[in-house]
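Heads up, the thing below is written out as structure tokens.
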Amino acid sequence: MIHLKNLAILLLMSAVAISCTSQEEVNLYSARHYDTDLELYDNFTEETGITVNLIEGGSDELIERIDSEGLNSPADLLITVDAGRLWRAKEAGVLQPYDSEQLNEAVPQELRDRDGEWVGLSRRVRGIVYHTERVSPDELAGYWDLADDNWEGRVCIRSSNNIYNQSLVASLIETHGVADTEEWATNFVENFARDPQGGDTDQIRAVAAGVCDVAVVNHYYLARLMESEDQEDQEVANQVAMHFPSEENGGSHVNISGAGIAANAPNEANATRFLEYLVTEEAQRLYAVANNEFPIIGGMELPPVLEQFGTFESDAVNVTAYGENNPEAIRLMDRAGWR
Ligand code: FE
100 MIHLKNLAIL LLMSAVAISC TSQEEVNLYS ARHYDTDLEL YDNFTEETGI
150 TVNLIEGGSD ELIERIDSEG LNSPADLLIT VDAGRLWRAK EAGVLQPYDS
200 EQLNEAVPQE LRDRDGEWVG LSRRVRGIVY HTERVSPDEL AGYWDLADDN
250 WEGRVCIRSS NNIYNQSLVA SLIETHGVAD TEEWATNFVE NFARDPQGGD
300 TDQIRAVAAG VCDVAVVNHY YLARLMESED QEDQEVANQV AMHFPSEENG
350 GSHVNISGAG IAANAPNEAN ATRFLEYLVT EEAQRLYAVA NNEFPIIGGM
400 ELPPVLEQFG TFESDAVNVT AYGENNPEAI RLMDRAGWR
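Here the sequence shown is numbered in the numbering used here, starting from 100 and rising by one per residue.
See the structure below:
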């Protein structure tokens, strides 16, 4: 029979053994599925010794999962695209504020949550793609002007249940108020060349095919077509160009991909460390630039395809407003007949 004192020593020894072999890790719940992100996780592990465990899924699915896992959730970090979705995660109570001066210094204030529950990690501009023969650049101004009679039957855009469009309208509400934005939306919808269908790439293809003359899309979809080795994509890309609304015309709508630390993160310190890593130049090159997104930090060299789009002037609306105004935006688009 083991003496009680010996048992205590035995238990102590095994506890030491467990803590020595236990691996530092961080559990990422990610709605981003890019090969370059994998390379980034490897680099982080190499530099810090922290293993990255990746759980992929749709954004709403991951938020629901963290929520239902509750206190026992292994989630450390939620990574997704669009401030509207990050706001939903915050509203669902699955995030907690991060504590990092480094993040606050690296990421401009208008590109992170007002309460510090999530932070932008790359920038994406919702621009206006136009047919270079049927549209002259001086016809183009801002989103607001796409409601003018001049654009009747010439506009392609995806449906109102898409979060990118909801965030765009939420941003317009922030600047112009509900009543004026509703009037704008009603006229804008009247200018649609067809009932909304497909994704952003489909809108660009429709411009090239002559269905419409302009399309409102996220910039990286055009960048992707321009870089594609597929001949058909090349032909589409060759017929169109990107317009970013200037400050004078209301500015460009800038959204983010971003992340927040899970409310019950078991490895909170590692999650913070991972977020801080993501805003280093090395990580930004893989996380943002390799996917043709604009880096969240300043002073970085851009690939030729983004240089070609030229600089953009942001509409300066805080991304938190995309979430706050999201329910109103959805109702407004419905009233305006935006399907
Ligand atoms: Fe996208």
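Virtual Cβ for every residue (Gly too), placed ideally from N, Cα, C.
beta-carbon residue i near the ligand FE non-hydrogen atom, thresh 7 Å
i	result
V180	yes
N425	no
N260	no
N317	yes
Between the CA atoms of residue j and residue i - distance to the nearest angstrom
i	j	result
N290	G183	26 Å
I117	E123	Because the pLDDT of I117 is 45, which lies under 50, any placement of that residue in the model is unreliable, and the number read from its coordinates should be weighed accordingly. Roughly 12 Å between the two C-alpha positions.
N126	E331	40 Å
E412	A205	19 Å
D433	S259	8 Å
W217	S167	20 Å
A284	D414	18 Å
L202	G215	10 Å
S351	G241	8 Å
G398	G436	42 Å
F143	Y376	7 Å
R439	L161	In the structure as shown, the chain starts at 100 and stops at 438, and residue 439 therefore has no counterpart that could be examined.
G309	D141	44 Å
L194	E238	44 Å
N337	M325	8 Å
Q302	D136	27 Å
E146	G192	32 Å
C119	M341	Unreliable positioning characterises C119 in this predicted model, as indicated by a pLDDT of 46, which lies under 50. The coordinate reading is nonetheless provided below. In a straight line, the C-alpha of C119 is about 55 Å away from that of M341.
A65	V228	This structure does not reach residue 65, given that the chain is present from 100 up to 438, and the question cannot be answered.
P403	R213	33 Å
Y421	E138	31 Å
A114	N366	With a pLDDT of 48 at A114, under the threshold of 50, the modelled position of this residue cannot be trusted, and the question is left open.
L431	N417	20 Å
G409	N171	47 Å
Y386	C311	33 Å
A188	Y319	24 Å
E328	I165	39 Å
N261	G157	14 Å
P295	V388	30 Å
R384	R304	28 Å
V198	G219	A small correction: the amino acid at residue 198 is Asp; Val does not occupy that position in the sequence shown. C-alpha separation (whole angstroms): 15 Å.
W250	L374	43 Å
N363	P196	11 Å
Residues bridged to residue i (per DSSP)
i	result
Y128	I154, L177
M341	V228
V416	DSSP, once it has assigned bridges, lists no residue as partnering V416.
N317	R225
F291	V254
R184	DSSP lists no partner for R184.
Q265	In DSSP, Q265 forms no bridge with anything.
R211	V218
Q195	I360
N-terminal and C-terminal residue of the alpha helix (DSSP H) that residue i is part of
i	result
I395	Here I395 belongs to no alpha helix (DSSP H), and DSSP marks it neither H nor E.
V306	299-307
N203	200-205
A370	367-377
D433	425-434
N142	134-147
V404	403-408
R384	380-386
Element boundaries [beta strand (DSSP E), containing residue i]
i	result
V353	352-361
Interface flag, residue i vs chain D, CB-CB below 8 Å
i	result
E331	Although the question refers to chain D, the structure presented lacks it and comprises just one protein chain.
| said: Closer than 8 Å is the cut-off here; do at least three beta carbon pairs connect the stretch 334-348 with the stretch 264-271? | reply: no
| Counting Cβ pairs closer than 8 Å, one from the stretch 414-434 and one from the stretch 273-290, do we hit at least three? | yes
| With a cut-off of 8 Å, do at least 3 Cβ pairs link the stretch 308-327 to the stretch 195-213? | no
| query | Are the stretch 220-229 and the stretch 384-394 touching by the rule of at least three beta carbon pairs closer than 8 Å? | reply | These segments touch.
| Is the number of C-beta pairs between the stretch 249-256 and the stretch 357-372 that are closer than 8 Å three or more? | no
| request: Spell out a yes or no on whether the stretch 144-152 and the stretch 225-235 are touching, meaning 3 or more CB-CB pairs, one atom from each, closer than 8 Å. | output: no
| query | How do the stretch 354-367 and the stretch 169-179 stand: do at least 3 beta-carbon pairs fall below 8 Å, yes or no? | reply | yes
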